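Participant:
Residue numbers (the UniProt record's numbering): 1 to 220.
(1) What are the start and end residues of the alpha helix (DSSP H) that includes residue 155?
(2) Starting from residue 29 and walking both ways along the alpha helix (DSSP H), at which residues does that stretch end?
(3) When you compare the stretch 171–187 with the stretch 124–134, are there three or more beta-carbon pairs, one atom per stretch, that lie closer than 8 Å?
(4) Which residues does DSSP pair with residue 147 in a beta bridge?
(5) Tell me which residues share the same chain as residue 136 and place their Cβ nearer than 7 Å to its Cβ, disregarding the 5 neighbours each side in the sequence.
(6) Excluding five sequence neighbours on each side, which residues of the same chain lie with their C-beta closer than 8 Å to the C-beta of residue 111?
(7) In whole angstroms, what separates the C-alpha of residue 65 from that of residue 78?
(8) Does DSSP put residue 102 in a helix, in a strand, or in coil?
(9) Short check: CB of residue 120 to CB of residue 171, under 8 Å?
(10) Taking the alpha carbon of residue 213 as the reference point, which residue from 49, 4, 61 and 21 has its own alpha carbon closest?
(11) Report yes if the CB atom of residue 150 is closer than 8 Å to the CB atom of residue 210, and no otherwise.
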């Protein structure tokens with residue numbers, strides 16, 4: 001019995017070796033890595049992805065609407081004026097009647113909110129790409145408890161690669177010293193698999209998408 005079982009196994013092996021498996025089809029290296037976005041409108045796709053990773057999204061029709069949305073956000077969260085260091089954003093908020101902190105007075109002690117621009121918004125992952133080349137530097141998007149971003153619909157791109165090409169086209173050989181791709185609030189579950197927000201950066205990421213108008217997009 002044992003010998004017949006052995007012979008049966010060897011017979012199957014010989015038959016298998018006599019008919020090797022066909023080679024897999026040659027991959028199409030020119031084909032897109034990702035399937036098309038679930039929503040053909042990249043802005044809507046970004047909003048869906050951004051909220052899916054834990055971001056708070058607010059659409060603003062005008063600077064006045066931005067002021068309303070930002071003021072309402074501050075009241076809900078019971079926080080004060082944001083730190084804003086980029087001149088273009090300062091001018092935008094000042095024209096809209098929004099109070100902000102323009103210097104670094106007591107920044108370390110009371111940096112509840114930091115408001116910055118960004119380089120691009122990635123629809124695929126809901127990520128925000130910021131760089132250290134702006135007046136916000138490295139700190140304003142990382143140190144405050146909550147990171148607020150003002151962006152325009154024209155800054156939405158489909159993929160991360162597209163966002164990196166935007167940065168490359170803007171800065172050329174003078175690339176920023178830091179580029180950060182942020183997908184939702186800072187979080188970790190390293191300790192006993194308990195999710196903790198704000199472990200390594202802001203615990204809340206908020207985007208105010210300001211509709212295009214005659215005012216140019218804040219420089220990044």
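Even glycine gets a Cβ: it sits at the ideal position worked out from N, Cα and C.
Bear in mind the structure is a predicted one, so any value in this text is a computation, not a measurement.
Facilitator: Working from what's here:
(1) The residue labelled residue 155 in the question sits at position 155 within the chain shown. Element bounds for residue 155: n/a, residue is neither H nor E.
(2) Taking the chain shown and counting its residues from 1, one reaches residue 29 at position 29. Segment: none, residue 29 is in no alpha helix (DSSP H) and carries neither H nor E.
(3) yes
(4) To locate residue 147, count along the chain shown from 1; it is residue 147. DSSP lists 114 and 205 as partners of residue 147.
(5) Sequence index remark: in the chain shown, residue 136 carries index 136 (1-based). The answer, listed in chain order, is 85, 86 and 116.
(6) Position 111 of the chain shown, counted from the first residue, corresponds to residue 111. Cβ neighbours of residue 111 beyond the five flanking positions: 83, 143, 144 and 145.
(7) What you label residue 65 is simply residue 65 of the chain shown in a count that begins at 1. What you label residue 78 is simply residue 78 of the chain shown in a count that begins at 1. Approximately 20 Å, taken between the alpha carbons.
(8) Start at 1 with the first residue of the chain shown, and residue 102 comes out as number 102. Residue state, collapsed to three classes: coil.
(9) Numbered from 1 along the chain shown, position 120 holds the residue referred to as residue 120. Numbered from 1 along the chain shown, position 171 holds the residue referred to as residue 171. Their beta carbons are not under 8 Å apart, which means residue 120 does not touch residue 171 by this criterion.
(10) Taking the chain shown and counting its residues from 1, the one referred to as residue 213 is at position 213. It is 61.
(11) On the chain shown, residue 150 is found 150 positions in, with the first residue counted as 1. On the chain shown, residue 210 is found 210 positions in, with the first residue counted as 1. Yes, the pair counts as a contact, with Cβ atoms nearer than the cut-off.
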